[in-house]
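In what follows, a structure is listed as structure tokens, so that the remarks can point back to it.
In the UniProt record's numbering, the protein residues as written are 1 to 182.
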């Protein structure tokens, strides 16, 4: 069953693991489908994290130094020159860059940093309550106006979804007037 990239991104951030557990990805995907079916106003709000999954930036390093990663279980990687001694490295899986950078530093002595996404016009955050089978709370964010400097207008929706993914409630809605959205 194909899951949305939103579900994968949200589960990756929420799990704080190198790759999210498949059960969490499936649960988030089901939750998002029920939220969007009952509240179509958030159908075009998507998860845009703080970084690009499966991507690290290495600075002040020789390209040949990255061969050790390419020949590891984390490879094969693709390398893009940004400028002198700065490279963007894309891994074959959508790894959590924060966890991946720790592993790469520990295993190979190389310091990579996540590839930051600066301006976000939307995002979805997950707050897990208790066990993986407990109730989930999602915060949907939509921003607009004055890009790329940042959003002048911001709107938030907070939803809770019961474990069976059939009961969803809009707990809170606040922010800028949606009629001003471009």
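Note that the Cβ used here is the ideal one computed from N, Cα and C, for glycine as well.
Using alpha carbons as the reference points, say which of 61, 40 and 49 lies closest to residue 83.
One-based indexing of the chain shown puts residue 83 at position 83. Measuring from the Cα of residue 83, the nearest candidate turns out to be 61.
Is the distance from the Cβ of residue 160 to the Cβ of residue 136 below 9 Å?
Taking the chain shown and counting its residues from 1, one reaches residue 160 at position 160. Taking the chain shown and counting its residues from 1, one reaches residue 136 at position 136. Going by C-beta atoms, residue 160 is nearer than 9 Å to residue 136.
Is the beta carbon of residue 47 sitting closer than 9 Å to the one on residue 6?
Locating residue 47 in the chain shown gives position 47, counting from the first residue. Locating residue 6 in the chain shown gives position 6, counting from the first residue. Yes, the pair counts as a contact, with Cβ atoms nearer than the cut-off.
Whole-angstrom Cβ separation of residue 89 and residue 56, contact assumed at under 8 Å?
Your numbering for residue 89 matches position 89 in the chain shown. Your numbering for residue 56 matches position 56 in the chain shown. Confirmed, about 5 Å.
Boundaries of the alpha helix (DSSP H) in which residue 97 is found, first to last residue
Against the chain shown, residue 97 aligns to sequence position 97. Counting along the chain, the unbroken alpha helix (DSSP H) around residue 97 starts and ends at 97-108.
Start and end residues, beta strand (DSSP E) containing residue 170
Start at 1 with the first residue of the chain shown, and residue 170 comes out as number 170. Here the beta strand (DSSP E) through residue 170 covers 168-175.
What's the call for residue 142, buried or exposed, on a 16-neighbour Cβ count within 10 Å?
The residue you call residue 142 lines up with position 142 of the chain shown. Buried is the label assigned to residue 142, since at least 16 other Cβ atoms lie within 10 Å of its Cβ.
CB of residue 124 within 9 Å of CB of residue 32, strictly
Residue mapping note: residue 124 aligns to position 124 of the chain shown, counting from 1. Residue mapping note: residue 32 aligns to position 32 of the chain shown, counting from 1. Taking 9 Å as the Cβ cut-off, residue 124 and residue 32 qualify as a contacting pair.
Bridge partner(s) assigned by DSSP for residue 61:
Within the chain shown, numbered from 1, the residue matching residue 61 stands at position 61. Residue 61 pairs with nothing; no bridge assigned.
Span separating the alpha-carbon of residue 14 from that of residue 128:
Locating residue 14 in the chain shown gives position 14, counting from the first residue. Locating residue 128 in the chain shown gives position 128, counting from the first residue. If you take the alpha carbons of residue 14 and residue 128, they lie about 8 Å apart.
Tell whether a beta-carbon distance below 9 Å holds between residue 111 and residue 59.
The residue labelled residue 111 in the question sits at position 111 within the chain shown. The residue labelled residue 59 in the question sits at position 59 within the chain shown. The Cβ atoms of residue 111 and residue 59 lie closer than 9 Å to each other.
Take the Cβ of residue 134 as the centre, count every other Cβ of all protein chains shown within 10 Å, and call the residue buried at 16 or more, exposed below.
Position 134 of the chain shown, counted from the first residue, corresponds to residue 134. Burial call: exposed.
Go ahead and label residue 96 buried or exposed: buried means 16 or more other beta carbons lie within 10 angstroms of its beta carbon, across all protein chains shown.
On the chain shown, residue 96 is found 96 positions in, with the first residue counted as 1. So residue 96 counts as buried.
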